[in-house]
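Chains as they are written, first to last, in this note's numbering: chain V, 1 to 79; chain F, 80 to 158; chain C, 159 to 303; chain H, 304 to 448.
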Amino acid sequence: MKYTLRYFASLADQAGCAEEIWETTLSEPRALYTELSSRHGFTLDASRLRVAINGEFADWHRVLADGDEIVFLPPVSGG
Amino acid sequence: MKYTLRYFASLADQAGCAEEIWETTLSEPRALYTELSSRHGFTLDASRLRVAINGEFADWHRVLADGDEIVFLPPVSGG
Amino acid sequence: MKYFLLCADALDAQQLALELSSDRAGAFVSFEGRVRNHNNHRIVQRLEYQAYAALAEAEGARILREASEKFAIEHTCCAHRVGTLAIGDIAVWVGVSSAHRDAAFACCRYIIDEVKLRVPIWKNEHYADGESGWLHPDNTPVGTG
Amino acid sequence: MKYFLLCADALDAQQLALELSSDRAGAFVSFEGRVRNHNNHRIVQRLEYQAYAALAEAEGARILREASEKFAIEHTCCAHRVGTLAIGDIAVWVGVSSAHRDAAFACCRYIIDEVKLRVPIWKNEHYADGESGWLHPDNTPVGTG
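1) Taking the C-alpha atoms as reference points, what is the distance between G41(V) and A261(C)?
2) Work out the CA separation of I424(H) and A65(V) for me, nearest whole Å.
3) Put I424(H) into one of helix, strand or coil per three-state DSSP.
4) By alpha-carbon positions, which one of A316(H), S324(H), G433(H), H439(H) ends up nearest to K419(H)?
5) In terms of residues, what are the limits of the beta strand (DSSP E) holding E20(V)?
6) Please state the DSSP three-state secondary structure of E322(H).
7) Which residues, taken in chain order from the segment 168 to 195 of chain C, show a beta carbon closer than 7 Å to some beta carbon of chain H?
8) Just checking my contact of R50(V) with L73(V) at CB under 8 Å: how many whole Å lie between their CB atoms?
9) Check the C-beta distance from R384(H) over to Y352(H) and give it rounded, since I have them as a contact under 8 Å.
10) With DSSP collapsed to three states, give me the class of A237(C).
11) Hey, would you say F186(C) sits closer than 8 Å to E322(H), going by beta carbons?
12) In terms of residues, what are the limits of the beta strand (DSSP E) holding L309(H)?
13) Is the separation between the beta-carbon of P444(H) and that of G433(H) shorter than 8 Å?
14) So the candidates are A94(F), F87(F), E107(F); which of them puts its Cα closest to the Cα of D147(F)?
15) If the criterion is Cβ atoms closer than 8 Å, does the pair C265(C) and V254(C) meet it?
16) Is it the case that the Cβ atoms of Y355(H) and F8(V) are separated by a distance below 8 Å?
17) Under a CB-based cut-off of 8 Å, is E98(F) close to chain C?
18) Of all the residues that make up the segment 398 to 431 of chain H, which are near chain V by a beta-carbon distance shorter than 8 Å?
19) What are the start and end residues of the beta strand (DSSP E) that includes L44(V)?
20) Beta-carbon separation of G386(H) and F307(H) under 8 Å?
21) Helix, strand or coil for P440(H), going by three-state DSSP, please let me know.
22) Please name the residues in the segment 223 to 253 of chain C whose beta-carbon is closer than 9 Å to at least one beta-carbon of chain H, in chain order.
23) Exposed or buried, which one is T103(F) when buried takes at least 16 other CB atoms within 10 Å?
24) Distance, Cα to Cα, I393(H) vs R337(H)?
25) Contact check, L174(C) vs A257(C) under 8 Å by CB: the rounded distance?
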């Protein structure tokens with residue numbers, strides 16, 4: 001499967017990019033974050049994050065489809 | 080004793096003036112309001128009013144001095 | 159900084175807000191009371207505010223002092239119109255700047271509530287049918303009784 | 304009327320407020336979040352806001368819809384800056400008009416609280432000592448752990 005990953009805030013700093021295409025056999029956001037964490041050294045625990053798929057908040061256990069845009073959202077700090 | 084009386088809102092309408100000089104033997108705001116009510120037909124009961132003497136809120140039983148400026152204040156409705 | 163103003167001319171919210179800015183203020187809350195086109199199911203065309211100016215200014219300043227002591231704010235100001243106002247005009251403006259938003263919201267609300275309760279200003283509404291009348295604090299008519 | 308905006312340019316509070324006016328609105332409450340010159344005892348020189356724009360706009364609009372249903376208001380709008388901001392700049396603006404002031408105060412407070420909790424926007428503070436860091440919702444640094 002191929003996913004588009006977009007990174008914001010501290011995750012973008014640690015990934016060293018704002019966006020990447022990722023190929024993997026995984027199809028669940030929770031497992032995908034673990035895989036990406038060991039690749040990029042993400043320090044935020046998944047329990048601190050929310051996940052968005054194709055521009056909407058989603059469940060960590062949703063089954064991903066090829067071509068999905070996935071964003072792991074650090075705790076927000078706007079306002 | 081001579082007092083300067085200033086009237087606002089419905090009291091000014093009923094008195095037909097914004098200000099008058101009033102001569103009387105009375106020296107207490109409570110009694111003075113009763114006297115003025117029978118002269119001008121004020122319809123607001125004294126219990127609804129506050130009194131100010133020389134630009135500051137005052138007690139209804141304060142002893143008035145010659146030349147005092149006295150204002151009976153209807154319930155306010157600013158804002 | 160804190161001050162209370164009675165104004166015969168239109169209130170300029172932007173100008174008033176400018177004077178409350180501070181590099182230490184992360185929050186700014188303002189309230190505007192505007193002339194509505196209706197009250198008690200009657201159509202309002204314009205209204206007049208009359209003030210006992212000397213006491214209104216003294217009591218307004220007292221409210222702002224109390225508010226500054228009660229809440230952790232930077233600056234505050236309140237301005238109230240007197241004279242004739244049209245629909246949509248600003249009748250009263252309150253602005254508060256503070257480091258954090260809790261204090262700005264609570265302080266702004268405190269000031270407008272106290273101003274409406276305590277400052278000697280009276281509202282006379284003029285209706286579409288040609289009548290007019292002084293209002294009580296709850297916006298009901300004083301009437302004749 | 305209700306809308307949520309992400310803006311790359313300076314927010315114009317006066318312009319935003321204009322669009323919320325209504326002859327039926329007796330009350331208008333606005334909140335401005337401004338860039339403070341300090342946080343956690345460090346001197347802040349400027350900051351940056353980054354947004355996940357598509358989701359931020361959707362979630363912002365959702366908050367305004369909820370607020371309009373929850374409170375008896377006329378109009379509301381919220382605008383949030385993205386990009387680089389200087390001290391004193393408006394980071395976020397919320398305005399609410401309503402017939403009576405209770406609803407305007409409560410609704411304005413609700414919107415800013417929900418925006419800060421839910422809208423995917425992140426703040427990066429740049430300090431006088433040359434360092435910078437992303438912040439948590441409580442304005443503490445994300446750090447490395």
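Backbone N, C-alpha and C define an ideal beta-carbon position, used for all residues, glycine too.
Working from what's here:
1) 40 Å
2) 26 Å
3) strand
4) H439(H)
5) 19 to 23
6) coil
7) Q172, S179, D181, R182, A183, G184, A185, F186, V187, S188, F189, E190, G191, R192, R194, N195
8) 4 Å
9) 6 Å
10) strand
11) no
12) 305 to 310
13) no
14) E107(F)
15) yes
16) yes
17) no
18) I415, V418, K419, L420, R421, V422, P423, I424, W425, K426, N427
19) Looking at the DSSP string, L44(V) is not in any beta strand (DSSP E), and its letter there is neither H nor E.
20) no
21) coil
22) I245, G246, I248, A249
23) exposed
24) 4 Å
25) The Cβ separation is near 20 Å, so there is no contact.
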